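Engineer:
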Amino acid sequence: MATKNHYAFVIDVARCIDCRACLVACSVENNVPMDHTRIWVYDQGLQGTWPDLSRAFVPYNCMHCDNPPCTEVCVSGATYKDATSGLVLVDQEACIGCGYCVAACPYGARYIDQSRGVVDKCTACVQRLEVGLQPACVATCVGKSRLFGDLNDPTSEASLALKNAMSVTRLDYEGNGMDADPNIFYLNLPDTSSIKASDTFGQVPQSTLPRPSQYTLSEAGWKKVAIPLVAVAMGATFLAQAIFFTKQLIEGEKDFED
Amino acid sequence: MPKTDVSQLSRRSFLKLGAATASALAVGQFIAPPVARAARQAHLLDSNGSGYISTMCEMCVWRCGVRAKVVEEKVVKLEGNPDHPHSKGKLCARGQSGLMTTYDPDRVLTPLIRVGKRGEGKFRQASWDEALDLVAEQMLSIKSKYGPEAMVFSSTHNLSQPLFENLLYGFGSPNYGTQRSLCFNAMIVANSITYGMEEPARDYSQVKYIILTGRNLTEAISTSETSDLIDSISGGAKVVYIDPRFTKTASKATEWLPIRPGTDLAFHLAMINVIIAEKLYDAAFVDKYTLGFDQVASLTMSTTPEWAATLTGIEAGTIRRIAEEFGAAGKYALAHNGWRTSNFINSFPTERAISILNAVVGNWGTTMFPSSGEGAGVLGSPPQPAYPRISAQRLDGVPWMYPFVPLKIGVFQQLRDSIVAGTPYEPHGWFISRQNPVQSLPDRQKTLEAFQKMDLIVTMDILVNDTDWFSDVVLPEASYLERYDPLVPMGNQVYIRQPVIEPQGEAKSALWVYKELGTRLGLADFFQYKDEVDYINQQLAPTGIPLETLRLHGNATLPTSTGSDIYEWSTPSGKVELFSSLLEKAKFDPVPIWTDPPQPKAGEFYLLTGKVGQHTQFGTQNNQLLHKYQDVPRLWMAPEAAKSLGLSDWDTVQVTSPVGTVQVALQVTDAMRTDCVYLTPGFGHLSMALRTAYGVGASDSVLHVTYTDPISGGQALSQTFVSVKKA
Ligand code: SF4
Ligand code: SF4
Ligand code: SF4
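Chains as they are written, first to last, in numbering that gives the first Met the number 0: chain V, 0 to 257; chain P, 0 to 726.
#1: Which residues in the same chain have their Cβ closer than 6 Å to the Cβ of P:Ser231, if we skip the five residues on either side of it in sequence?
#2: Considering just the uninterrupted stretch of the beta strand (DSSP E) at P:Phe343, what are its terminal residues?
#3: Is P:Leu24 close to chain V? Criterion is C-beta to C-beta, closer than 9 Å.
#4: Is the CB of V:Val141 under 9 Å away from at least one CB in chain P?
#5: With a threshold of 8 Å, establish whether the CB of V:Gly142 neighbours any heavy atom of ligand 5.
#6: Can you grab the Cα-Cα spacing for the pair V:Pro50 / P:Trp255, in whole Å?
#7: By the 10 Å Cβ neighbour count, where 16 or more other Cβ atoms means buried, how is P:Ile736 classified, buried or exposed?
#8: Closer than 8 Å: is that where the CB of P:Cys56 sits relative to any heavy atom of ligand 3?
#9: Which one of P:Val652, P:Lys627, P:Pro632 and P:Ser686 has the shortest CA to CA distance from V:Asp34?
#10: So what does P:Phe469 bridge to, in DSSP terms?
#11: Rounded to the nearest angstrom, how far is the Cβ of P:Ser478 from that of P:Ile495, given a contact under 8 Å?
#12: Does the separation of the CB atoms of V:Ala179 and V:Asn60 fall below 9 Å?
#13: Just to confirm, is the Cβ distance from P:Arg433 to P:Thr615 under 9 Å?
#14: For V:Ile38, does the three-state DSSP call read helix, strand or coil?
#15: Quick one: Cα of P:Ser569 to Cα of P:Val652, how far?
#16: From the DSSP output, in three-state form, read off P:Ile112 for me.
#17: Is the shortest distance between the beta-carbon of P:Lys247 and the beta-carbons of chain V less than 9 Å?
#18: With C-beta atoms as the reference, is P:Ala358 less than 9 Å away from P:Leu577?
#19: Helix, strand or coil, according to DSSP, for P:Phe170 in the structure here?
#20: Is there at least one Cβ from chain P nearer than 9 Å to V:Asp198's Cβ?
#21: Taking Cβ-Cβ distances shorter than 7 Å, what residues in chain V pair up with P:Asp669?
#22: Can you pull out the residues from the segment 5-30 of chain V whose beta carbon lies closer than 8 Å to at least one beta carbon of chain P?
#23: Just checking V:Val87 against ligand 1 - is the residue's beta carbon closer than 8 Å to any of the ligand's heavy atoms?
#24: DSSP has P:Glu129 in a bridge; who is on the other side?
#25: From P:Lys584 to P:Ile418, what does the alpha carbon distance come to, in whole angstroms?
#26: Is V:Thr168 close to chain P, meaning its C-beta is less than 9 Å from at least one C-beta of that chain?
#27: Taking P:Ala506 and P:Glu531 to be in contact with their CB atoms under 8 Å, please state how far apart those CB atoms are, rounded to whole angstroms.
#28: Say whether chain P places a C-beta atom closer than 9 Å to the C-beta of V:Phe147.
#29: Count the C-beta pairs between the segment 709-720 of chain P and the segment 177-191 of chain P that are closer than 8 Å, then say yes if the count reaches three, no if not.
#30: Taking 9 Å as the threshold (beta carbon to beta carbon), is V:Thr78 in contact with chain P?
#31: Within a Cβ cutoff of 8 Å, which residues of the same chain sit near V:Val31, ignoring the five residues on either side of it in sequence?
#32: Using a C-beta to C-beta distance shorter than 8 Å, which residues of chain P count as neighbours of V:Met165?
#33: In the segment 116-139 of chain V, which residues sit with their C-beta less than 9 Å from some C-beta in chain P, listed in chain order?
#34: Buried or exposed for P:Gln458, going by 16 or more other Cβ atoms inside 10 Å?
#35: Using the Cβ count rule (16 or more neighbours within 10 Å means buried), how would you classify P:Pro398?
#36: Grouping DSSP H, G and I as helix and E and B as strand, with all else coil, what is V:Arg169?
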């Protein structure tokens, strides 16, 4: 769906230090209940063999998908993709708390706020965007890993970062005959082949880092969508998409994914 | 007076309570309605009581600039001040969580007087007059019976320290404990001897090659420096990270070297050996600005990479290559001193070797600069008389045991040991301001023993922490968002901490408490200010800067002082002293020399400590927001070691050192050398008044054996060896 603005997050994985300033900032800014979170840093865990180890941290939150599975299932129309900003938002006045969208989101990005009986998730801090501020997580990001901006504006920080990137990866989801087309673009995502399909967030005790237990990488599948410079064997559809995507970037077209 | 019996609240009942209320609430729901009266008077807020107030963070000692968002007279969000060099618009997780510390439901909001046995946690509420009268009366009685030196004073590095010092030196006691000997004494004494300054400033804007020795910058966060490091890595700088543990910083480094604990010195001596032997040093800088190069050259002749390889466990070829790369990077190279580098009895020579390494590649003026320091500079201060002459010896052995340790810094663990030993004399009272020696000092049992010898323990804090738990009188301090502090100049700027909200309950600023107590002790002349604002106005008087300007922006530019030559060092020779005549005179090695550090026996492990990015030492574990996002504190162990002991991940294990035992969950991880274990720091709180933190994790202070470096007075925090078995 073409929207006036096309807000997106660009996250440089190489810069994330898992400091969690973004997590705390989000909780405070959005008054998130203590037993929930709207934002996570996925820990890839140690890779390799001692002493040749590596470890990457992948921050994420609602991907504000272009083709959001969550809006499809919403019975009350409370969950919608905003026609101006392109953000996926929840009208909490209209939300009946049925939780269908929570189940439909492939990224586990939503939760039910029991105290209010409504669904909640990342809003890209619209209240801040309205007054010209960056989302709370982006503003405080100690590693400057998180960028945010309008991809329809070729001069935005996010557009420029994508334009200069060697490779861009999205945590795309294809299932039930649909492609979510998420709007978090990852830079420097390490080789993900070592991530086990059985990798879940379920083992972390609830009292600490809250993480959605439903979300598994096998479901979501890491795939590269725009790799103009790095030659990687990939399916024809992906390649076509990548070329299309790159072209958009280079041409800086206004209507990005029409 | 109502009785507050905090010990009645067990962890279990709190958890039950928590499930229903506390843990389900968001921050906003905790917020009481205090008014930002001072800010409103200064027109920092609009007519609805909303707006931004500039102040300074105090969740750690880095002091980032903060812009606090206030809506309808409540503080709702903290932002990094973009104009402050320490925050540059950003705050770390701790800084972001700061309002939760202020609104912590466990805040102590009235003075408390102990009613049960010491350490039972039974207090009654008291008025300020009653509490301060009682404290003053008992302090004066100790003074008249045993002399002023029988009162011990201790406090952690903070902005009201000058007034704390007035209290203790005005009272006439020489006994002053800071936390620094538990942290970075080795670094600052080594720099003082080499460069004539405690800690030169590091600049990452041009750096190309960085060696971080145990400086875990992505977990021991100083916001701007951490950001700068990540920027330089992104820009292609090479980082060699030396640590027995694969930390988050190791994951960002180009190269990780899992060195054997206690051998950092050998590595650096080998670096110097190669750089000199292969003539990779900056001869012009060395000739013009340093002293003692020849002595260093001859003493490092034998410290070859081959020699260091057997000690460090790092291959000779790797050491040689790194030395060559470092030398080739020349002035664009930086060897980071670290704060607690090595943590061994040889930390001091290690820090000296790092300082020397920097000097010989001539990075001064490119990646290292003189630090502007924190001196009062052009700021004024209220008039005050000279301190009374103090003739009593200091209990911490400075300078009679430790001639090189600055008086302001001291040797805290020695102070505690002297209290226990009762030599050279017996102290009777201890005034502890926002400090937690129960958690910070090694050998917790001994600290508790020292408490039992006291007739009087007075503490000042915002929570009833582990030390306050053993206190006789607890004085409730206003949090950093509720009070003014003395101004602090940095470079050509001056920064302010000002109240964003009114203090909750009866909490008061340190400036107020010290003055009120000082007056009752007959020391009014040392506190010649009407109130906090008057104190700050007296500081500002010589600068001509109006307080309102400072309050509006959070910082102001000081009248320029004459820029000094950056190539002048306040050492005896005025040069960078690679060879130190001061050390030689005191019969210490004038250049760093290798000696073998102690090693664990078979079946024992080195006990490593460190930092996590979500907490500051042991001071923030009760913050519910940080608790929410912290990892479960565990003991890290390598898989091979765990296997040989029949242990698995998440087992509860018993860790035993020569001085104590703790139980904690195990984390089996490849991130460790097989001869080391690492205990997540800061946990294992004793105070049941810390309802979020109590009962979580274990404290390394129970395990740490007290070993003091004879030159810098630093505690060797990694020189404790432990055994581990299934609990
Ligand atoms: S990430 Fe989940 S919640 Fe967000 S738009 Fe996509 S499907 Fe919806
Ligand atoms: S604030 Fe930035 S660096 Fe820190 S965890 Fe979040 S994304 Fe990573
Ligand atoms: S580094 Fe973090 S805790 Fe320290 S002053 Fe800055 S924001 Fe506060």
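Where is the CB? At the ideal position from N, CA and C, for every residue including glycine.
Quick caveat, the model's predicted, so the values are computed rather than measured.
Structural biologist: Per the coordinate set shown:
#1: Taking the first residue of the second sequence as position 1, residue 231 of chain P is located at position 232. Counting only Cβ-Cβ distances below 6 Å, and skipping sequence neighbours, we find Tyr203 and Val206.
#2: Translated into positions along the second sequence, residue 343 of chain P becomes position 344. Neither: P:Phe343 is in no beta strand (DSSP E) and is coded neither H nor E.
#3: Counted from its first residue, the second sequence places residue 24 of chain P at position 25. Caution is warranted here: a pLDDT of 49 is assigned to P:Leu24, below 50, making its placement in the model unreliable, and the coordinate value is therefore given only provisionally. Chain V contact via Cβ: present.
#4: Counting from one through the first sequence, the residue named residue 141 of chain V turns up at place 142. It does; some Cβ of chain P falls within 9 Å.
#5: In terms of ligand content, the structure shown lacks ligand 5 and carries ligand 1, ligand 2 and ligand 3 instead.
#6: The sequence position of residue 50 of chain V within the first sequence is 51, counting from 1. The sequence position of residue 255 of chain P within the second sequence is 256, counting from 1. About 8 Å.
#7: Only positions 0 to 726 of chain P appear in the structure, and residue 736 of chain P is not among them; the question remains open.
#8: Position 57 of the second sequence holds residue 56 of chain P. At least one heavy atom of ligand 3 is nearer than 8 Å to the Cβ of P:Cys56, so yes.
#9: The count along the first sequence starts at 1 and reaches residue 34 of chain V at position 35. With distances taken between Cα atoms, V:Asp34 lies closest to P:Lys627.
#10: For the purposes of this step, residue 469 of chain P is taken as the residue at position 470 of the second sequence. P:Phe469 pairs with nothing; no bridge assigned.
#11: Within the second sequence, the letter at position 479 stands for residue 478 of chain P. Within the second sequence, the letter at position 496 stands for residue 495 of chain P. That belief does not hold up - the Cβ atoms of P:Ser478 and P:Ile495 are roughly 16 Å apart, past 8 Å.
#12: Position 180 of the first sequence, counting from 1, holds the residue named residue 179 of chain V. Position 61 of the first sequence, counting from 1, holds the residue named residue 60 of chain V. Taking 9 Å as the Cβ cut-off, V:Ala179 and V:Asn60 do not qualify as a contacting pair.
#13: The residue labelled residue 433 of chain P in the question sits at position 434 within the second sequence. The residue labelled residue 615 of chain P in the question sits at position 616 within the second sequence. Their beta carbons are not under 9 Å apart, which means P:Arg433 does not touch P:Thr615 by this criterion.
#14: Locating residue 38 of chain V in the first sequence gives position 39, where the first residue counts as 1. Correct three-state label for V:Ile38: strand.
#15: The sequence position of residue 569 of chain P within the second sequence is 570, counting from 1. The sequence position of residue 652 of chain P within the second sequence is 653, counting from 1. Each residue's alpha carbon lies about 51 Å from the other.
#16: Looking up residue 112 of chain P in the second sequence gives position 113. The answer is strand: DSSP assigns P:Ile112 an E or B state.
#17: In the second sequence, counting from the first residue as 1, residue 247 of chain P sits at position 248. Yes, contact with chain V.
#18: For the purposes of this step, residue 358 of chain P is taken as the residue at position 359 of the second sequence. For the purposes of this step, residue 577 of chain P is taken as the residue at position 578 of the second sequence. With contacts defined as CB atoms closer than 9 Å, P:Ala358 and P:Leu577 qualify as a contacting pair.
#19: Against the second sequence, residue 170 of chain P aligns to sequence position 171. Helix, per DSSP.
#20: As a position in the first sequence, residue 198 of chain V is number 199, starting the count at 1. Confidence is the limiting factor: at V:Asp198 the pLDDT is only 34, short of 50, which leaves the residue's position unreliable and the question unanswerable from this model.
#21: Walking along the second sequence from the start, residue 669 of chain P turns up at place 670. Residues of chain V passing the Cβ test: Leu45, Trp49 and Leu52.
#22: Asp11, Ala13, Arg14, Ile16, Asp17, Cys18, Arg19, Ala20, Leu22, Val23, Ala24, Ser26, Val27, Glu28 and Asn30
#23: In the first sequence, residue 87 of chain V corresponds to position 88, counting from 1. It does: the Cβ of V:Val87 is within 8 Å (strictly closer) of some heavy atom of ligand 1.
#24: Along the second sequence, read from residue 1 onward, the residue named residue 129 of chain P stands at position 130. Within the DSSP secondary-structure output, P:Glu129 pairs in no beta bridge.
#25: In the second sequence, the residue the question calls residue 584 of chain P occupies position 585. In the second sequence, the residue the question calls residue 418 of chain P occupies position 419. The straight-line gap from Cα to Cα measures roughly 31 Å.
#26: As a working mapping, residue 168 of chain V is identified with position 169 in the first sequence. Chain P contact via Cβ: absent.
#27: For the purposes of this step, residue 506 of chain P is identified with residue 507 of the second sequence, where counting begins at 1. For the purposes of this step, residue 531 of chain P is identified with residue 532 of the second sequence, where counting begins at 1. Not quite, the Cβ-Cβ distance comes to about 13 Å (not below 8 Å), so this is no contact.
#28: To locate residue 147 of chain V, count along the first sequence from 1; it is residue 148. Output row for V:Phe147: interface = no.
#29: yes
#30: Here residue 78 of chain V refers to the residue found at position 79 of the first sequence. Answer no: the Cβ-Cβ gap between V:Thr78 and chain P never drops below 9 Å.
#31: Numbered from its first residue, the first sequence carries residue 31 of chain V at position 32. For V:Val31, the CB contacts under 8 Å within the same chain, skipping 5 residues up- and downstream, are Cys25, Arg37 and Asp119 in chain order.
#32: Within the first sequence, residue 165 of chain V is the residue found at index 166, counting from 1. Ordered by position in chain P, no residue passes the 8 Å Cβ test against V:Met165, which lies about 13 Å from the chain.
#33: Close to chain P, meaning a Cβ-Cβ distance shorter than 9 Å, are the following residues of the segment 116-139 of chain V: Leu132, Ala135, Ala138 and Thr139.
#34: Position 459 of the second sequence, counted from the start, is the residue given in the question as residue 458 of chain P. Residue identity differs from the one stated: residue 458 of chain P is Thr in this sequence, not Gln. Classification for P:Thr458: buried.
#35: As a working mapping, residue 398 of chain P is identified with position 399 in the second sequence. Result: exposed.
#36: For the purposes of this step, residue 169 of chain V is taken as residue 170 along the first sequence, with counting starting at 1. Three-state DSSP puts V:Arg169 in a strand.
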